[in-house]
Structures are given as C-alpha cells and as structure tokens.
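The structure appears below as structure tokens.
Number of protein chains: 2
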Amino acid sequence: MSNTEPAAARRRGPNDPERRARIAKAAVEVVARRGIDGVTHRAVAAAAGVPLGSTTYHFATLDDLLEVALVEAAEKNVHALKEWESALPPDADFAAALADLVMGYLNEQYRDTVVEYDLYVAALHRPRLRKASAAWDDALIAFFGSRTDPLTGRLLAGLFCGLLMQAALADPRPARDEIETLFRRAIHGPANP
Amino acid sequence: MSNTEPAAARRRGPNDPERRARIAKAAVEVVARRGIDGVTHRAVAAAAGVPLGSTTYHFATLDDLLEVALVEAAEKNVHALKEWESALPPDADFAAALADLVMGYLNEQYRDTVVEYDLYVAALHRPRLRKASAAWDDALIAFFGSRTDPLTGRLLAGLFCGLLMQAALADPRPARDEIETLFRRAIHGPANP
DNA sequence: CGTGAGTGCGTACATTTGTACGCGAAGCGT
DNA sequence: ACGCTTCGCGTACAAATGTACGCACTCACG
Numbered sequence: 022m023s024n025t026e027p028a029a030a031r032r033r034g035p036n037d038p039e040r041r042a043r044i045a046k047a048a049v050e051v052v053a054r055r056g057i058d059g060v061t062h063r064a065v066a067a068a069a070g071v072p073l074g075s076t077t078y079h080f081a082t083l084d085d086l087l088e089v090a091l092v093e094a095a096e097k098n099v100h101a102l103k104e105w106e107s108a109l110p111p112d113a114d115f116a117a118a119l120a121d122l123v124m125g126y127l128n129e130q131y132r133d134t135v136v137e138y139d140l141y142v143a144a145l146h147r148p149r150l151r152k153a154s155a156a157w158d159d160a161l162i163a164f165f166g167s168r169t170d171p172l173t174g175r176l177l178a179g180l181f182c183g184l185l186m187q188a189a190l191a192d193p194r195p196a197r198d199e200i201e202t203l204f205r206r207a208i209h210g211p212a213n214p
Numbered sequence: 022m023s024n025t026e027p028a029a030a031r032r033r034g035p036n037d038p039e040r041r042a043r044i045a046k047a048a049v050e051v052v053a054r055r056g057i058d059g060v061t062h063r064a065v066a067a068a069a070g071v072p073l074g075s076t077t078y079h080f081a082t083l084d085d086l087l088e089v090a091l092v093e094a095a096e097k098n099v100h101a102l103k104e105w106e107s108a109l110p111p112d113a114d115f116a117a118a119l120a121d122l123v124m125g126y127l128n129e130q131y132r133d134t135v136v137e138y139d140l141y142v143a144a145l146h147r148p149r150l151r152k153a154s155a156a157w158d159d160a161l162i163a164f165f166g167s168r169t170d171p172l173t174g175r176l177l178a179g180l181f182c183g184l185l186m187q188a189a190l191a192d193p194r195p196a197r198d199e200i201e202t203l204f205r206r207a208i209h210g211p212a213n214p
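Top to bottom, those sequences are chains A and B.
Everything in the first sequence is counted per our numbering, starting at 22 for the first residue and increasing by one.
Everything in the second sequence is counted per our numbering, starting at 22 for the first residue and increasing by one.
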C-alpha cells in the first residue's frame, strides 16, 4: 500500500539524487502542514510519494530529516532574499521595502514563514540543527547590513526576526504602515530628519 | 508503578486546586527538558509526581496541557518583567539595563527562554494557543513602552524578541557590549547624542 | 448509618511510531 | 556470463502514546 510507484522506483539506479531532494522538499511540506512534531518517516514518505523504506534509508534518523528540512528552508529563504534585494532599486526607500517584504511573508508566503520559525526554534532543543540556524542568522545579518552599515544591519535583522514572528501571531495583523513606521524609526532614529 | 503517592493522593478531596497547578508547572518543566513534542500525558504526570489518570482528568487533551503551560510560562515571564522594571531606578540607563536583561535570559534563565520560544512558536500551529501568545506580546509591548514612548516600545519589543532568539541560538553567544550597543542604537538613533 | 452523586484515578486497548532486518535488483570487475 | 558488493526498499516488531471506561473513595444530606 505504501508502494506508490512500484516499478518506476526500482528503475532508478543507485545514488539517485532526485530521490533525496524530493524527500527533503516533502519534509519541509510536512512541517508546513503539521508542524515539527508532525514530521515522521511515514508522513514525509507519503508527502514525497515514496515508500517508507526510502525515507528511512536516505535519512536514518528523524533528526536527519529535520536537519535537511532546515537546510532546505534556510537556503530557499536566503536565496529568495538575495533575489529580492538584487531586484530592489539602489535608491529605494529601504524602510518601505522592508515593510513590503514583511507583508509578503505575512500573506502569500505565510506557510514559508511558519516553517522557518518552526525549524529555527526547533534548533533550541537539537544541537545538530544549531549550525544551520546560526548560518541562517549570519546570512540575514549580512543581508540587512549590505544596504546600510553593520550595526544597523544587526539591528534590522533582530527587529525583522522578532517583528515578523509577533506579526505572524497577532490577530488582527498589524497594518503595513505600522511596520513601515517601525523600520523607519529603526533606521533613521527617533527624530524625523 | 505510576502511582507515586498511593494514599496521599486519595487523601485530598475533590477539586484540589494544588493538583492542577502542580501539573501545569510540570508541563512547563517538560517543555524545558524535552521540547514541545516531549509533552505527553505520561511525561507530565511523571514530572508532576502524579499518576497518569490525573493529567488526563484535569487536562483532557494534549492541547489543554500545552495551553496551560503557555499561560503559566507567559504569566511567570510577564510578572518577572514587571518586577524587574519596578526594581529599576527611574534614571537608569535603559539600554544598559536591557542588555543586562538579555544576558540574564541567556544565562541563568536560559531554560525559561527556551520554553517561552517553544510555546510561543507552537501557537503558529495551534489556534487555541494564539490568544495567550498575543496577550503575551501585548504585555511585552506595553512593558517596553512604559519606559519610553509607544513607538519605541513597539520597536524594542520586536528587537528584544528577535535578538534574544538569535542570541540563544548563536555560538558563541554575542557579547554583552554588542547587545547594549544595539539597544542604544535602537533607542537613540544612528547619531550618538 | 444509608445512600446517591460526583470527583479523581487506575487500566486496558487500539493506533502510531521508530527502527532493525532481510531480500531483490543493479553495477562492476573479471 | 558470472559472482560479489552495494544500493534501495518492503516488512515486521517492540515500544510509546492518546484516550475511553469503569471502579473506588469522599462528601452532603437525610
């Protein structure tokens, strides 16, 4: 019953890289749908459309699955951020752009946002995930610093992380203007120059 | 085997309030030790020193346990913050004080910090927990705003939330000075007045 | 003391889970 | 063409888990 592609799976030779990648993406999907504790070998196998034995073979332990999910999500996120930044005009209003970015994460990319925080926080209890989480942080800090200065970049990274999480849980969601005002306040300081 | 106090437990009459409270605190403890997905009726019962049936009676479903753990942790945290704030001299350097606060959460109170983020993020997947998380946020924002102005309070709440989380995952931990500089930058702006 | 309701808990059961193990198929050296 | 090693997976099993159910014990009331 768990064999969804009886012959096709066998067809592929050993060391099929697509298999691992499919399972990794499926792991992210399962986190999005059922949260961290919904990540089981069986759930991921079902989401990936592969038999149970395949997930246990490519990722022997559950932490392996979580690790690959975290790396996958982090890479995707950092890549998207870089794309976003390179598409941003050099003279753009950074506070407004950041507000748009946050709003995007709160709406169209809400699922991604949830996954990211789930996995990120999961690292608190799983030493093996810490390196990936820390690398993610560094990428964020460098990313925000590239448009400003290192100190402001660090500030924006922390604010972005906390604000987005709070906004994702708030009901009703904060307004876009409020977000923009906060970023403006963070970048330019209390007085309005 | 699960009956750890055979007679004493029976001794207490119905509607024993201490029982519920003990289980609630035990739930927080379990989250601290094993994370959200370590919260099972049995684990909490063992931590509370009560039989399994007692936890299932007072908290029928697992979400009930998580909810009470979240409320318990949030109340304790907000209460501690208020104590901290009232013990702070009115003319204290707020940035330095906030840096001390963060360092406290990173060291002596690290366990509490982990629990708080675990439960907070767990609300992303559990609608029942959202109200408690949102209330926690509001308390934080009001708390930070009481020493400054509403906008700065909102900024500090977001920064505090994100920065503490990133710092809790960073290896090595950020230095106290770095934290203080960030808060100073957030409060007073880019120029150094 | 008798009795009835309701509180608190011990237990059993079906389900889900991680994981170990064994078997077939594919590559490869000869 | 033939064995041998490695790869990939199906399966079985023991442990853990949520939850339903029923029993004991208490207390109010007569």
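We treat Cβ as the ideally placed atom computed from N, Cα and C, and that holds for glycine.
Remember, it's a predicted structure, so these values are computed and weren't measured experimentally.
Original post:
What residues from chain B crowd round A/Phe181, counting only those whose CB sits closer than 9 Å?
Top reply: The residue you call residue 181 of chain A lines up with position 160 of the first sequence. The answer, in chain order, is Gly179 and Gly183.
Original post:
Mind pulling the alpha helix (DSSP H) runs of 4 or more residues that sit fully within the region 100-185 of chain A?
Top reply: 115-127, 131-143 and 148-168
Original post:
Distance, Cα to Cα, B/Pro110 vs A/Pro171?
Top reply: Position 89 of the second sequence holds residue 110 of chain B. Position 150 of the first sequence holds residue 171 of chain A. Cα to Cα, the separation comes out at about 32 Å.
Original post:
Buried or exposed: B/Pro193, going by 16 or more other Cβ atoms within 10 Å of its Cβ?
Top reply: If you number the second sequence from 1, residue 193 of chain B lands on position 172. With fewer than 16 other Cβ atoms within 10 Å, it is exposed.
**OP:** Alpha carbon to alpha carbon, how far is B/Leu190 from A/Leu176? Give it in angstroms, no decimals.
**Re:** On the first sequence, position 155 is the one that residue 176 of chain A refers to. On the second sequence, position 169 is the one that residue 190 of chain B refers to. Their Cα atoms are separated by approximately 17 Å.
Original post:
Apart from the five residues on each side of it in sequence, which residues of its chain come closer than 8 Å, Cβ to Cβ, to A/Lys103?
Top reply: Locating residue 103 of chain A in the first sequence gives position 82, where the first residue counts as 1. The answer, listed in chain order, is Phe164.
**OP:** Would you verify that the beta carbon of A/Pro211 is, or is not, closer than 8 Å to some beta carbon of chain B?
**Re:** Numbered from 1 along the first sequence, position 190 holds the residue referred to as residue 211 of chain A. By this cut-off, A/Pro211 is an interface position.
Original post:
Relative to the alpha-carbon of B/Ala143, which residue among A/Tyr138, A/Phe204, A/Val99 and A/Val60 has its alpha-carbon at the smallest distance?
Top reply: Reading the second sequence from its first residue, position 122 is the one you call residue 143 of chain B. If we check each option's Cα against that of B/Ala143, A/Tyr138 comes out closest.
Original post:
If you measure from the beta carbon of A/Met186 to each beta carbon in chain B, is any gap under 8 Å?
Top reply: Mapped onto the first sequence, residue 186 of chain A falls at position 165. Closer than 8 Å: yes.
Subject >> Delimiting residues of the alpha helix (DSSP H) encompassing B/Arg205 >> reply: Taking the second sequence and counting its residues from 1, the one referred to as residue 205 of chain B is at position 184. Unbroken alpha helix (DSSP H) run through B/Arg205: Arg197 to His209.
**OP:** Can you give me the start and stop residues for the alpha helix (DSSP H) that B/Ile57 sits inside?
**Re:** By 1-based counting over the second sequence, the position of residue 57 of chain B is 36. Run containing B/Ile57: none; DSSP gives neither H nor E here.
Original post:
Quick one: what's got a C-beta closer than 8 Å to B/Arg32's C-beta in the same chain, skipping five residues either side?
Top reply: The sequence position of residue 32 of chain B within the second sequence is 11, counting from 1. No answer about B/Arg32 holds up, because its pLDDT of 42 lies below 50 and its placement is not dependable.
Subject >> Under 8 Å between C-beta atoms of B/Gly179 and B/Gly166 >> reply: For the purposes of this step, residue 179 of chain B is taken as the residue at position 158 of the second sequence. For the purposes of this step, residue 166 of chain B is taken as the residue at position 145 of the second sequence. No, the Cβ-Cβ distance between B/Gly179 and B/Gly166 is not below 8 Å.
Subject >> Boundaries of the alpha helix (DSSP H) in which A/Thr82 is found, first to last residue >> reply: Residue 82 of chain A sits at position 61 when you count from the first residue of the first sequence. First-last for A/Thr82: undefined, no H or E at that position.
Subject >> Under 7 Å from the C-beta of B/Arg175: neighbouring residues of chain A >> reply: The sequence position of residue 175 of chain B within the second sequence is 154, counting from 1. Within 7 Å Cβ-Cβ: Leu203.
**OP:** Report all residues from its chain with a CB closer than 7 Å to the CB of A/Ala207; omit the five preceding and five following residues, and keep chain order.
**Re:** Here the question's residue 207 of chain A lines up with position 186 in the first sequence. Once the five neighbours on either side are set aside, the close Cβ partners of A/Ala207 are Leu176, Leu177 and Leu180.
**OP:** Using a threshold of 8 Å, state whether the C-beta atoms of B/Ile44 and B/His100 are closer than that.
**Re:** Working through the second sequence from its first residue, we reach residue 44 of chain B at position 23. Working through the second sequence from its first residue, we reach residue 100 of chain B at position 79. No, the Cβ-Cβ distance between B/Ile44 and B/His100 is not below 8 Å.
Subject >> Rounded straight-line distance, which links the Cα of A/His62 to that of A/Cys182 >> reply: The residue given as residue 182 of chain A occupies position 161 in the first sequence. The residue given as residue 62 of chain A occupies position 41 in the first sequence. Across the structure, A/Cys182 and A/His62 are spaced so that their CA atoms are roughly 30 Å apart.
Subject >> Helix, strand or coil at B/Gly74 [DSSP, three-state] >> reply: By 1-based counting over the second sequence, the position of residue 74 of chain B is 53. Correct three-state label for B/Gly74: helix.
Subject >> Straight-line gap, A/Ser154 to B/Arg40 (C-alpha atoms, nearest Å) >> reply: Counting from one through the first sequence, the residue named residue 154 of chain A turns up at place 133. Counting from one through the second sequence, the residue named residue 40 of chain B turns up at place 19. Approximately 39 Å between the Cα atoms of the pair.
Subject >> CA nearest to the CA of A/Val51, picked from A/Arg168, A/Ala81 and A/Leu91 >> reply: By one-based count along the first sequence, residue 51 of chain A stands at place 30. Selected option, being the one with the closest Cα: A/Leu91.
Original post:
Would the beta-carbon of B/Ala47 fall within 8 Å of that of B/Val65?
Top reply: By 1-based counting over the second sequence, the position of residue 47 of chain B is 26. By 1-based counting over the second sequence, the position of residue 65 of chain B is 44. Going by C-beta atoms, B/Ala47 is nearer than 8 Å to B/Val65.
Original post:
Would B/Asp198 count as contacting chain A if we go by Cβ distances under 8 Å?
Top reply: Taking the first residue of the second sequence as position 1, residue 198 of chain B is located at position 177. Answer no: the Cβ-Cβ gap between B/Asp198 and chain A never drops below 8 Å.
Original post:
By a C-beta neighbour count over all protein chains shown, 10 Å radius and 16 as the cutoff for buried, is A/Glu201 buried or exposed?
Top reply: Within the first sequence, the letter at position 180 stands for residue 201 of chain A. Per the 10 Å Cβ criterion, buried.
Original post:
Leaving out the 5 sequence neighbours to the left and right, which residues in its chain are closer than 8 Å to A/Tyr141 when beta-carbon positions are compared?
Top reply: Locating residue 141 of chain A in the first sequence gives position 120, counting from the first residue. These residues qualify, in order along the chain: Leu91, Ser154 and Trp157.
Original post:
Taking 7 Å as the line, does the beta carbon of B/Ala120 fall inside it for any heavy atom of the ligand SAM?
Top reply: Ligands are entirely absent from the displayed structure, and the ligand SAM is therefore not among its contents.
Subject >> 8 Å Cβ cutoff, A/Arg168 in contact with chain B >> reply: Taking the first residue of the first sequence as position 1, residue 168 of chain A is located at position 147. Cβ-Cβ to chain B under 8 Å: no for A/Arg168.
Subject >> Residue nearest to B/Asp58 in terms of C-alpha spacing, selected from B/Gly74, B/Asn128 and B/Leu83 >> reply: Residue mapping note: residue 58 of chain B aligns to position 37 of the second sequence, counting from 1. Cα-wise, what sits closest to B/Asp58 is B/Leu83.
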